[in-house]
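Asker:
Take a look at the structure:
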């Protein structure tokens, strides 16, 4: 089906800005996945370091693996939700609907989730000593 011609009030800057936003969210999701991989492998690194010194590891690598996997999964979710939001925005904008901002955006939700995860990690690290 051929694309209808753009409407008179169509502003190409708006979909291009939406695409830049999508790309920023994709970078965020990829960074979270990379960081999650590093965190997941950090426990293994500490265990191997203790083994080379001939001492028992001070704590199991399980926690860093769980947190790392959670960060990777959260990065995947961020990328999927960003793609869905972008597609929905483009369809609505092309229909001539006025885009509306939501007070509970993906950025706010992600901030809260990461703050909770960081707080839980801080409590866990404090309890190790």
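Residue numbers (UniProt numbering): 1 to 129.
Just so it is clear, CB atoms sit at the ideal spot from N, CA and C, and this is done for glycine as well.
#1: Look at residue 69 and residue 36 and say whether their C-beta atoms are less than 8 Å apart.
#2: May I have the straight-line CA-CA distance separating residue 126 from residue 83, to the nearest angstrom?
#3: Determine, using beta-carbon pairs with one atom in the stretch 12-28 and one in the stretch 84-97, whether at least three such pairs fall under 8 Å.
#4: Could you give the distance in angstroms between the alpha-carbon of residue 34 and the alpha-carbon of residue 50?
#5: From residue 107 to residue 81, what distance separates their C-alpha atoms?
#6: Looking at residue 30: is its Cβ nearer than 8 Å to the Cβ of residue 75?
#7: According to DSSP, is residue 99 helix, strand or coil?
#8: If you measure between the beta carbons of residue 71 and residue 32, is that distance less than 8 Å?
#9: Report the CB separation of residue 101 from residue 65 in whole angstroms; it is logged as a contact under 8 Å.
#10: Below 6 Å CB to CB, which residues in the same chain sit around residue 67 once its five sequence neighbours on both sides are set aside?
#11: From residue 9 to residue 27, what distance separates their C-alpha atoms?
#12: Could you check the C-alpha separation between residue 124 and residue 99 for me, to the nearest Å?
Answerer: In terms of the structure at hand:
#1: One-based indexing of the chain shown puts residue 69 at position 69. One-based indexing of the chain shown puts residue 36 at position 36. Yes, the pair counts as a contact, with Cβ atoms nearer than the cut-off.
#2: If you number the chain shown from 1, residue 126 lands on position 126. If you number the chain shown from 1, residue 83 lands on position 83. If you draw a straight line from the Cα of residue 126 to the Cα of residue 83, it is about 38 Å long.
#3: With the cut-off at 8 Å, the stretch 12-28 and the stretch 84-97 touch.
#4: Here the question's residue 34 lines up with position 34 in the chain shown. Here the question's residue 50 lines up with position 50 in the chain shown. So the alpha carbons of these two residues sit roughly 25 Å apart.
#5: Sequence index remark: in the chain shown, residue 107 carries index 107 (1-based). Sequence index remark: in the chain shown, residue 81 carries index 81 (1-based). Take the alpha-carbon of residue 107 and the one of residue 81: they are about 11 Å apart.
#6: Residue mapping note: residue 30 aligns to position 30 of the chain shown, counting from 1. Residue mapping note: residue 75 aligns to position 75 of the chain shown, counting from 1. Cβ distance < 8 Å, so residue 30 and residue 75 count as in contact.
#7: Start at 1 with the first residue of the chain shown, and residue 99 comes out as number 99. The answer is coil: DSSP assigns residue 99 none of H, G, I, E or B.
#8: Within the chain shown, residue 71 is the residue found at index 71, counting from 1. Within the chain shown, residue 32 is the residue found at index 32, counting from 1. Contact flag set, yes.
#9: Here the question's residue 101 lines up with position 101 in the chain shown. Here the question's residue 65 lines up with position 65 in the chain shown. At roughly 38 Å, the Cβ-Cβ gap does not stay under 8 Å, so residue 101 and residue 65 are not in contact.
#10: Walking along the chain shown from the start, residue 67 turns up at place 67. Excluding sequence neighbours, residue 67 sits near 39.
#11: Taking the chain shown and counting its residues from 1, one reaches residue 9 at position 9. Taking the chain shown and counting its residues from 1, one reaches residue 27 at position 27. Rounded to whole angstroms, the separation of the alpha carbons of residue 27 and residue 9 is 31 Å.
#12: One-based indexing of the chain shown puts residue 124 at position 124. One-based indexing of the chain shown puts residue 99 at position 99. Each residue's alpha carbon lies about 42 Å from the other.
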